[in-house]
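Right, one structure below, let's go through it.
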Amino acid sequence: MFAILFMNSCGKTCTEGFRGRNCDIEITPTKVSITKVTVKNFSALAPNLSNWDIGSSADIYPVITGQDISNVVWTSNTYYDDAVPGLNYSFTPVSEVELIYPTMLYTVGIYDFDGGTVFNEDDLVGSVQFKPYQQGLAFPEVISFTSGETSTDLEVKYYW
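What follows is the structure, given as structure tokens:
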């Protein structure tokens with residue numbers, strides 16, 4: 000009880016996600032939610048140096064997976080036809096994508112929509128691995144990740 004009164008008596012109210020006498024200790028969130036994925040760049044050509052689609056560019060959409068890429072957390076239900084590398088393409092989930100292990104690795108894969116069937120599988124255009132929360136960054140609302148030619152922004156919310 001005395002400790003609670005003492006901490007309140009120093010007159011500091013910490014902003015959400017911080018604690019301590021000087022409000023300088025970050026609290027690890029219990030989850031991080033993604034509210035928007037923006038694909039900023041991807042490879043213009045397939046690994047064999049041909050176009051992703053016959054005579055056109057990739058029809059892109061993102062997929063978020065856990066550390067094991069077979070663990071799909073979210074797949075966009077829309078795609079951009081003939082996307083141009085270097086332009087921004089935004090994908091907003093119907094509801095927040097909850098990442099319940101904020102310090103673990105996740106992957107954003109960018110795929111070329113080809114029908115998604117066994118006979119016409121979608122191609123992986125590129126991917127980036129990321130941790131939803133990294134201590135010391137003070138909870139940015141947008142986190143950016145780049146790997147090779149693939150670049151994405153994630154708009155996020157933190158929960159404690």
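Anchor point for the sequence shown: position 38 equals 37 in numbering that gives the first Met the number 0, and the numbering is continuous, going up by one each time. Ideal Cβ positions, reconstructed from N, Cα and C, are used throughout, including at glycine. What you are looking at is a predicted structure, and each value in this text was computed from that prediction instead of being measured.
In the DSSP output, which residue or residues are listed as bridge partners for residue i?
i, result
"Phe138", "Answer by DSSP bridge pairing: none, since Phe138 is not bridged."
"Trp73", "Ile63"
Residue i: buried (16+ other C-beta within 10 angstroms of its C-beta) or exposed?
i, result
"Thr151", "buried"
"Thr91", "exposed"
"Ile53", "exposed"
"Asp121", "buried"
"Leu104", "exposed"
"Ala57", "buried"
"Thr14", "exposed"
"Pro28", "buried"
"Thr145", "exposed"
"Ser143", "exposed"
Ordered along the chain, which non-local residues of its own chain (more than five positions away) have a Cβ less than 6 Å from that of residue i?
i, result
"Glu154", "Thr34, Lys35 and Val141"
Excluding five sequence neighbours on each side, which residues of the same chain lie with their C-beta closer than 8 Å to the C-beta of residue i?
i, result
"Ile59", "Val38, Phe41, Tyr78, Tyr79, Ala82, Tyr88, Ile109, Tyr110, Asp111, Phe112 and Val124"
With residue i and residue j assumed to form a contact (beta carbons below 8 Å), what rounded beta-carbon distance in angstroms separates them?
i, j, result
"Gln128", "Thr106", "5 Å"
"Pro101", "Lys30", "6 Å"
At which residue ranges does the stretch 9 to 60 contain complete alpha helix (DSSP H) runs of 4 or more residues, listed in the order of the chain? none
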